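As given, the protein sequences belong to chains A and B, one line each in that order.
For the first sequence, the residue numbers in my numbering are 1 to 355.
For the second sequence, the residue numbers in my numbering are 1 to 573.
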Amino acid sequence: MLNFTIRRLLLSIPTLLFISLVIFMLLQLAPGDPMAQVPLTVPPEVKQKMREALGLGAPVHIQYLKWLEQFFVVEPMVLIDHWTANSFFFGWLPDTQLSMTVDAVTGELVQKQRVISWQTRSPVMDIVMQRMPQTLWVVGLSYVVGILIAIPIGIYSAYRHYSLFDQAGTFVTMVGFSIPPFFTGPLLIVIFSVTLGWLPSIYDTTHVVTDWESFKVQFLQMIMPVMVLALQTTAQISRYMRSAMLDNLNQDYVRTARAKGLSESVVVMVHVLRNSMIPVVTIIALGMPAIFGGAIITENVFKVNGIGQLLLTALFANDLPMVMTLTFIFAILIVLFNLIADILYGVLDPRIRYD
Amino acid sequence: MTLKSTLLGAVALTALAPMAFADGHSGERGRDGDVKVLYWQAPSILNPFLSGGTKDVESASLIVEPLARFTETGAMVPWLVDEVPTVANGGVSEDLTTITWKITDGLKWSDGSDFTSEDVRFTAEYCMHPEGGCAQGAKFDGVKSVEAVDKLTVKVTFEGPKPNPYGPFVGGESPIIQAAQFADCLGAKAPECTEANFNPIGTGPFKVTEFRPNDVITLAANENFRMEGKPAFASMTFKGGGDAAGAGRAVLETGEFDYAWNLQLAPDVIAKMEEAGKGVAIAGFGPLVERLEMNLTNPSPDLPPETRSTVAEPHPFLSDFKVRKALSMAIDRELLTEVGYGKAGRPTCNLVPAPALYNSDNTECLVQDLDGAKALLDEAGWTDSDGDGVRDKDGVKLSILYQTSTNAVRQDFQALIKDWWEQIGVETELRNLDGSVFFGGDPGSPDTFQKFYADVEMYANTFNGTDPQSYLSAYRCGNEPKPDSQWQGENINRFCDPAYDALLDELAATGDLEKRGEIGRKLNDMVTKDTMTIVPLVNRARVSAHSNSLGGVVLNTWDSELWNAADWYRIKD
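See the structure below:
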């Protein structure tokens, strides 16, 4: 298993490099101009100067190599420096200054060039870190809520196959799966914010939970985005759960368990459920990168300005370094969680061995 | 008429309401708590010199301010100076090459340090740096030098005479940044100063507490703000993101926010949202005018491409002033406005409906007069001689091809206007073209608005800033699109009048604002009511919304919308 993991990790390096090249070339070839949002009043000469200031004049391969260096060398250095200086776990280590370099002209210690966003002229990774909490809270929680709802529904639907509950569950999950969040989002806003006035329609990203009262505010503002997203997760996972349970319920070992005189609850909840969870757990692991990727549409509808909204605004503004960095982080996460899913499969199912 | 009076009444009420309360409303700075502003495009940076985007310029205008600003009427007012320099008060030199600003004594930055002429000089150096990529470089066009004469005096010298010297340091796009803060951020280093770009120190009513790019800005009242008891709000939450409909909803329907910017929504959608009674939509009018352009040259497909729609071939009937006038008289602009734009439009007869200084008192066209139009055509000899319902003269029929871009409102306008024109005996054929083709300017396409292979076309145009000189210069003889110029040029109608050109030259050499207004109005009249070359229809507005409890809002389309945030306050029940 260890060998397998190491081999896969090594293999993912060329894969990721190739992905980064593909993303970079796609972005280069895509039409669009980072100056498109600048009003028409700004003359073309000024726009040209602004483009040069962004480093757009350099040849394509130089731009790519520069990005690689910034992303793989400078950014980790900045992270290490940050950890040794501030963090709880590594703060006791001597402060490092890996990302600093001596300026040739002034002789001062300055930071090496990081990946800079064209829109904000600030390091991309700082904004990503700033956005993470919102995304993890809302999208992550919706994933947890979705799974917690989906698993019991899946179990019961399979156990009472073709019952009224199963039919209703199938209907609801199909509806949930096929209605997009840009419809359910505004619909919920119209019902719960406009008509009833119970919930806020706009998420306050600056809200800090300090006491019971502020927790209530946070809870209320999270209900709608979490539920909209959870509906999608529930629909998907409950279907997998149901079919996995159905496969196992007809197996011989279930009959054996029942013949031994085990109670129904033990048969279903212990024997069948554990075996049925194997494929579901891997599906859940494969869905994890999406949490970090945020939810582009739902984040926009409720103004939960997380990673998804960041990617969308960067795309609109043709902010290539930002788009490039974000999509590449997603790529890393997808490769990583695919590996985790494979390993989990081996751990959970003794029949599967990679070596 | 009832509609007009209702509309005017509504406009007057929204304009007067804040004034009525303003007197009774004053007190301690920060007495009204928090105010929530929503921009559906989120600000990315608070340095307007590094981003030309409206969202960035306007959010920054709460913090950094220019020396002079434009009011909601487009008039210039001193902001960080005692008076606006003019030739009359000696601030602008007689030869129009220098302008000298006198800064108000005792101004402080939000960090408590003094605001001096050095900061102003530095701002110019910052934006004019060749490697900085300054988005507002055009404001500093033609500037030779900027010197700090003494602590409170700044002198700008231009390379040549500049009749409109109010480019640098005027309006929300050209604010003053603090020299001490940005000293190490010149040129190529500008983007590296993230801390300064996100948290600029300013003289405005608010200062940044926290800036989250593309998300939210938290601001607090500036304790060093020059005006006693202002701003009324202790803090501001400036949220960004979402879409215009969501922003309108948050202010007008749920009341979660106090102010929503630029609601580009259909009039009935806004009206429906307003019914919830939580807030009101307000309209601010700039110079954007939806108009009909009359082709003074012959677009007949029988002509060779070298002369079709060029000055070589005058139009068979649109070159007759009385025909053009009758076409204008047949139009009910009130109805068009109501159908297409609601609150976001008002009927106009002027090419330059704003600023007030340039707005001619030309209102004759506002009343529809179908009988008058018919009489005028009869008088000019255009009669229906063959009884087919279409007027003609000497074998030429009044048959018009009327084109515009594809857009629901424009097609409604076309249908209505076609109906009115047929009532006065003018045959009308309608055509609509995809906007990307129509406005695309491709010299190879026969369907561009520049080529004008039609008799009449409709679109909207505007100008930036408050000075219409370059906008009016479009109608100079020889500036028309033609084969020689690859069909580029702004004189779409192929209008040519030596008297108009002479007046344009006079405008270019006049520095006095009153006089410029007078010439501008005269030029406007020459292309509109005197010749009916351009038939303006609707002056279109920018629409924003504020909650019922937010007072003091004056929507300004000439400067930042948040220009008077210092005067905003909470209306208490």
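Heads up, the beta-carbon is just placed ideally off N, CA and C, and yes, glycines get one too.
All values derive from a computational prediction rather than experimental measurement.
The three-state reading of DSSP puts Phe158 of chain B in strand, counting E and B together.
Along the region 34-46 of chain B, going in chain order, the ones with a CB nearer than 7 Å to a CB of chain A are Ala42, Ser44, Ile45. For Ala460 of chain B, there is no enclosing alpha helix (DSSP H); the residue is part of the beta strand (DSSP E) that begins and ends at 456-461. Leu80 of chain B is not a Cβ neighbour of Phe49 of chain B, given a cutoff of 9 Å.
Residue pairing for Val216 of chain B: DSSP places it in a beta bridge opposite B:Arg212, B:Lys239. Taking 9 Å as the CB threshold, Val226 of chain A stays off the interface with chain B.
Per the Cβ contact rule, the region 32-44 of chain B is not in contact with the region 162-181 of chain B (fewer than 3 Cβ pairs under 8 Å). Selection B:Gly489, B:Asn493, B:Ala545, B:Leu357 evaluated against Asp512 of chain B yields B:Leu357 as nearest (Cα-Cα). Rounded to the nearest whole angstrom, the C-alpha separation of Ser93 of chain B and Val84 of chain B is 13 Å. Legend: CB atoms of the region 115-145 of chain B lying less than 9 Å from CB atoms of chain A belong to residues Pro130, Glu131, Gly132, Gly133, Cys134, Ala135, Gln136, Gly137, Ala138, Asp141.
For Asp204 of chain A, a Cβ of chain B is located within less than 9 Å of the residue's own Cβ. Taking a beta-carbon distance threshold of 9 Å, Pro133 of chain A does not count as an interface residue toward chain B. With a minimum length of 3 residues, the unbroken runs of beta strand (DSSP E) contained wholly in the region 391-457 of chain B fall at 399-405, 427-433. Between the alpha carbons of Leu56 of chain A and Gln113 of chain A lies a gap of roughly 15 Å.
The beta carbon of Val538 of chain B lies closer than 8 Å to those of Val289, Glu290, Arg333, Leu336, Thr337, Gly340, Tyr341, Gly345, Arg346, Pro347, Thr348 in the same chain, with the five residues before and after it left out. Residue pairing by DSSP puts Tyr259 of chain B in a beta bridge opposite B:Val37, B:His546.
Within the region 205-221 of chain B, those residues whose Cβ lies closer than 8 Å to any Cβ of chain A are, in chain order, Glu210, Arg212, Pro213, Asn214, Asp215, Val216, Thr218. The beta carbon of Gly33 of chain B sits closer than 8 Å to the beta carbons of Phe233, Ala234, Ser235, Arg570 from its chain, once the five residues preceding and following it are set aside; these are given in chain order.
Listed by position along chain A, the residues whose Cβ is nearer than 9 Å to that of Asn197 of chain B are Thr120, Arg121, Ser122. Close partners of Lys112 of chain A in chain B (Cβ separation under 7 Å) are lacking, with about 11 Å as the shortest Cβ gap. Neighbours of Thr313 of chain A across chain B, judged by C-beta separation under 7 Å: Ala42, Asn214.
Closer than 9 Å to the CB of Thr297 of chain B there is not a single CB belonging to chain A. Closest in C-alpha terms to Phe90 of chain A, from the list A:Leu98, A:Asp81, A:Gln97, comes A:Asp81. Taken in chain order, the whole alpha helix (DSSP H) runs of length 4 or more contained in the region 112-145 of chain B are 117-128. In chain order, Leu296 place their CB closer than 8 Å to the CB of Ser319 of chain B, counting only its own chain and leaving out the 5 sequence neighbours on each side.
Between the region 172-180 of chain B and the region 66-73 of chain B there are three or more inter-stretch CB-CB distances shorter than 8 Å, so the stretches are counted as touching. Scanning chain A for C-beta atoms nearer than 7 Å to the C-beta of Gly160 of chain B yields nothing, as the closest lies near 18 Å away. DSSP places Ile103 of chain B within a strand segment (E or B) once states are collapsed to three. Interface with chain A (9 Å Cβ-Cβ cutoff): Pro191 of chain B is included.
Among the residues of chain A, those whose CB is under 7 Å from the CB of Lys239 of chain B are Ile202, Lys303, following chain order. Against chain A, a Cβ distance below 8 Å from Ala250 of chain B picks out Ser201, Ile202. Bridge pairing for Lys108 of chain B: B:Asp114 [DSSP]. In the three-state scheme derived from DSSP, where H, G and I count as helix and E and B as strand, Ile153 of chain A is classed as helix.
Between the C-alpha atoms of Thr528 of chain B and Ser328 of chain B there is a straight-line separation of about 10 Å.
Residues of chain A with a Cβ closer than 7 Å to the Cβ of Glu253 of chain B are, in chain order, Val194. By the CB criterion at 9 Å, Ile99 of chain B and Ser117 of chain B fall outside the cutoff.
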